[in-house]
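Written out below as structure tokens is the structure these notes cover.
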Amino acid sequence: MIKFRLTPYSSGGWRWDGTRYASSGGHDQVVPYAHPLVEQAAVSDGRRSLIMVRERVAGHPASRTDVQQVPRAEYDQARRAAERWPADWVLVEWVPDEPVQVTAGPCRTTPLYLAAGGSTLHGSWEMGDLAPFAGGLNAQEVARLLLYRPRYSSDTVFTGIQRLTERATAHFGGALFLRYPEPALHSGPRQLAEDADVLGAFVGAMDGAWDLRPLDTVTTALHLTGGFDSGVLATRVAERFPDRFATAALLIGGPGRAQQLRRRQQMREAVRFAEPDLLLDAMVTAPLHRDCARVNGELISPYEEPLYHPFQRLAEGLAANGARAVVTGLGGDEMVALSQDEYPHRPMGEPADTAHLPWIGEHGRNAAQFGDVGIAPPAVVNSMTLLSLETTAPLLLRQGIWPVHPFTDPVMVQLGEWLPIDWRELKQLQRRRLAALALDEDVTQPRLRESFAEVVQHALTVHARPLFARMLRDGSPLFDDKLVDPDGLRRAVNRLSSGDYREDGDAQLLEVTTLHLAAEAFL
Numbered sequence: 021m022i023k024f025r026l027t028p029y030s031s032g033g034w035r036w037d038g039t040r041y042a043s044s045g046g047h048d049q050v051v052p053y054a055h056p057l058v059e060q061a062a063v064s065d066g067r068r069s070l071i072m073v074r075e076r077v078a079g080h081p082a083s084r085t086d087v088q089q090v091p092r093a094e095y096d097q098a099r100r101a102a103e104r105w106p107a108d109w110v111l112v113e114w115v116p117d118e119p120v121q122v123t124a125g126p127c128r129t130t131p132l133y134l135a136a137g138g139s140t141l142h143g144s145w146e147m148g149d150l151a152p153f154a155g156g157l158n159a160q161e162v163a164r165l166l167l168y169r170p171r172y173s174s175d176t177v178f179t180g181i182q183r184l185t186e187r188a189t190a191h192f193g194g195a196l197f198l199r200y201p202e203p204a205l206h207s208g209p210r211q212l213a214e215d216a217d218v219l220g221a222f223v224g225a226m227d228g229a230w231d232l233r234p235l236d237t238v239t240t241a242l243h244l245t246g247g248f249d250s251g252v253l254a255t256r257v258a259e260r261f262p263d264r265f266a267t268a269a270l271l272i273g274g275p276g277r278a279q280q281l282r283r284r285q286q287m288r289e290a291v292r293f294a295e296p297d298l299l300l301d302a303m304v305t306a307p308l309h310r311d312c313a314r315v316n317g318e319l320i321s322p323y324e325e326p327l328y329h330p331f332q333r334l335a336e337g338l339a340a341n342g343a344r345a346v347v348t349g350l351g352g353d354e355m356v357a358l359s360q361d362e363y364p365h366r367p368m369g370e371p372a373d374t375a376h377l378p379w380i381g382e383h384g385r386n387a388a389q390f391g392d393v394g395i396a397p398p399a400v401v402n403s404m405t406l407l408s409l410e411t412t413a414p415l416l417l418r419q420g421i422w423p424v425h426p427f428t429d430p431v432m433v434q435l436g437e438w439l440p441i442d443w444r445e446l447k448q449l450q451r452r453r454l455a456a457l458a459l460d461e462d463v464t465q466p467r468l469r470e471s472f473a474e475v476v477q478h479a480l481t482v483h484a485r486p487l488f489a490r491m492l493r494d495g496s497p498l499f500d501d502k503l504v505d506p507d508g509l510r511r512a513v514n515r516l517s518s519g520d521y522r523e524d525g526d527a528q529l530l531e532v533t534t535l536h537l538a539a540e541a542f543l
């Protein structure tokens with residue numbers, strides 16, 4: 021939601037020029053993302069300056085964009101109030117002759133990447149803007165991603181580029197220092213009262229998360245995949261606001277496709293959605309297609325959507341239909357997730373699980389042992405959810421679309437923490453809500469898995485062939501740093517060519533292609 025260029029110890033004075041805040045010398049600038057759901061405000065007490073870029077909140081008067089001159093006490097009051105903003109926000113603090121500070125809020129919607137270039141701090145939600153500062157590959161972070169064991173931290177795949185995590189503060193006085201916040205406090209399941217109306221509380225929380233933002237001021241679409249999470253949100257919105265919101269989704273492949281179509285159709289018939297219903301076939305617009313921006317060398321972050329090409333096409337279709345915001349079901353899995361005590365399980369990507377990944381290189385295996393070093397403390401919103409949001413935001417923002425994820429609202433998060441296991445296990449909360457709409461078992465108890473597994477298989481066995489051939493012929497930064505073993509990769513590719521595809525082990529090759537293409541583009 022923000023881009024900036026900041027130089028500490030420079031002369032003061034900021035002004036709003038209609039699109040950005042610029043320093044008196046003109047070198048420094050803070051550029052908010054231009055969108056009806058984003059606003060900016062700035063105050064100064066004559067010495068200190070505070071610039072805030074944030075999501076708009078319904079019922080709150082629009083902020084003034086010019087820099088307001090206030091007494092010192094009012095400046096301090098504004099600083100404290102800024103951190104209580106209930107939606108996404110970023111604060112930039114500038115004081116002459118002192119390091120600059122940048123702080124992110126707890127309800128992150130977009131990423132913010134940072135890079136130090138000489139005496140200037142650069143920041144952007146678009147990692148490609150910082151490509152000139154990418155120094156090399158960060159073995160620890162690459163190993164996390166290769167093993168499908170991502171961790172939320174200030175690390176990125178590239179040395180020289182860092183992530184500002186939720187509630188963290190960046191200090192820059194010539195060198196960049198990132199300070200993590202204290203761990204967010206969380207609670208556990210509670211015993212329900214005899215007359216507890218769980219579904220009523222769930223509906224109320226969904227309504228509150230929706231009403232927080234002025235979505236009635238922009239054309240908004242609903243991401244209705246046919247799954248539980250997007251299904252409960254979209255049907256509730258259409259129940260409240262009939263005939264107002266259109267829907268969109270990518271169609272999967274394989275045996276679950278027909279079921280996905282039936283489930284979506286039932287949901288659309290149960291309540292009144294608007295037209296159009298935008299459906300794109302992910303098997304046709306598959307990842308690694310020759311038209312994919314990643315394949316064509318564009319500066320696409322390795323953290324962006326793994327199925328980049330189909331989701332880019334979907335975002336373009338939404339924009340063509342006039343959408344300026346899209347509501348998703350991201351975060352629904354984590355809202356009702358079971359704890360280790362409730363369901364003991366080994367985290368994905370544990371060293372014992374890597375035997376079926378023979379293409380992991382020597383340095384990749386060694387770095388994997390330190391995968392939990394330097395990670396961010398527990399966040400207000402689940403860290404895996406925050407990483408998911410970062411994959412979604414940039415391709416939508418490029419199309420002028422603001423993403424909204426009601427399941428990440430702190431009230432929704434807390435409700436999930438309080439629910440007993442019998443409401444969370446197997447997503448009973450979402451299933452019972454859909455059953456309350458009189459939807460049948462095809463929706464509430466689907467028999468087939470619905471996933472993008474067949475799309476990934478198609479991408480790897482068809483579209484990835486020339487990419488793997490070029491990679492094995494010409495080399496890769498992943499080979500140079502011994503993060504991927506070329507001989508192991510060649511064996512895996514040969515097996516794919518013979519038609520022997522194994523989802524557990526081969527699907528992870530999509531991450532190899534993502535990292536290789538990003539490394540080539542950025543480095």
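Okay, so the sequence shown: first residue is 21 according to our numbering, each after it adds one.
Cβ atoms here follow ideal geometry from the backbone N, Cα and C, with glycine treated the same way.
Residues near residue i by beta carbon distance below 6 Å, same chain, minus five either side
{"i": "residue 396", "result": "172, 173, 185 and 200"}
{"i": "residue 408", "result": "350"}
{"i": "residue 313", "result": "320"}
{"i": "residue 505", "result": "379 and 381"}
{"i": "residue 282", "result": "462"}
Helix, strand or coil at residue i [DSSP, three-state]
{"i": "residue 320", "result": "coil"}
{"i": "residue 545", "result": "Absent from the structure is residue 545, since the part of the chain shown begins at 21 and ends at 543."}
{"i": "residue 390", "result": "coil"}
{"i": "residue 337", "result": "helix"}
{"i": "residue 135", "result": "strand"}
{"i": "residue 482", "result": "helix"}
{"i": "residue 197", "result": "strand"}
{"i": "residue 360", "result": "coil"}
{"i": "residue 396", "result": "coil"}
{"i": "residue 191", "result": "strand"}
{"i": "residue 351", "result": "coil"}
{"i": "residue 145", "result": "coil"}
{"i": "residue 292", "result": "coil"}
{"i": "residue 379", "result": "coil"}
{"i": "residue 123", "result": "strand"}
{"i": "residue 59", "result": "strand"}
{"i": "residue 315", "result": "coil"}
{"i": "residue 403", "result": "helix"}
{"i": "residue 109", "result": "strand"}
{"i": "residue 174", "result": "coil"}
{"i": "residue 157", "result": "strand"}
{"i": "residue 162", "result": "helix"}
{"i": "residue 101", "result": "helix"}
{"i": "residue 544", "result": "Look at the range of the chain in this structure, 21 to 543, and you will see that residue 544 is not part of it."}
{"i": "residue 410", "result": "helix"}
{"i": "residue 467", "result": "coil"}
Beta bridge counterpart(s) of residue i as assigned by DSSP
{"i": "residue 89", "result": "64"}
{"i": "residue 301", "result": "271"}
{"i": "residue 41", "result": "36 and 50"}
{"i": "residue 22", "result": "52"}
{"i": "residue 69", "result": "64 and 114"}
{"i": "residue 182", "result": "134"}
{"i": "residue 445", "result": "In the DSSP output, where bridge partners are listed per residue, residue 445 has none listed."}
{"i": "residue 345", "result": "240 and 422"}
{"i": "residue 140", "result": "137"}
Neighbourhood of residue i by C-beta, 8 Å cutoff - its chain only, sequence neighbours within 5 removed
{"i": "residue 458", "result": "290"}
{"i": "residue 415", "result": "324, 325, 328, 331, 332 and 335"}
Proximity test, residue i beta-carbon vs the ligand NAD heavy atom, cut-off 8 Å
{"i": "residue 386", "result": "The ligand content of the structure shown is nil, which means the ligand NAD is not present either."}
Sequence-distant residues of the same chain with beta carbon closer than 7 Å to residue i, five excluded per side
{"i": "residue 406", "result": "128, 172, 186 and 399"}
{"i": "residue 197", "result": "191"}
{"i": "residue 470", "result": "246, 247, 272, 276, 279 and 280"}
{"i": "residue 253", "result": "226, 347, 349 and 426"}
{"i": "residue 529", "result": "480 and 512"}
{"i": "residue 404", "result": "354"}
Minimum length 3: unbroken beta strand (DSSP E) runs contained in the region 252 to 284: 266 to 271
At least three beta-carbon pairs within less than 8 Å, the region 260 to 271 to the region 299 to 310: yes
Complete runs of the beta strand (DSSP E) confined to the region 201 to 259 [at least 3 residues]: 240 to 243
Ranges of the beta strand (DSSP E) found wholly within the region 469 to 536, counting only runs of at least 3: none
The region 54 to 62 contacting the region 74 to 81, beta-carbon criterion three pairs below 8 Å: yes
Validate contact between the region 324 to 343 and the region 233 to 251 using beta carbons, cut 8 Å, 3 pairs: yes
Cβ contact check for the region 84 to 99 and the region 151 to 158: 3 or more pairs under 8 Å: no
At least 3 beta-carbon pairs within less than 8 Å: the region 213 to 224 vs the region 356 to 365: no
The region 468 to 478 in contact with the region 520 to 531 per 3-pair CB rule at 8 Å: yes
The region 433 to 448 touching the region 115 to 124, judged by at least three CB pairs closer than 8 Å: no
Segment contact, 8 Å Cβ cut-off, at least three pairs: the region 254 to 262 with the region 225 to 232: yes
Cβ contact (3+ pairs, closer than 8 Å) linking the region 464 to 475 and the region 447 to 455: yes
Contact the region 154 to 172 vs the region 35 to 55: 3+ CB pairs below 8 Å: no
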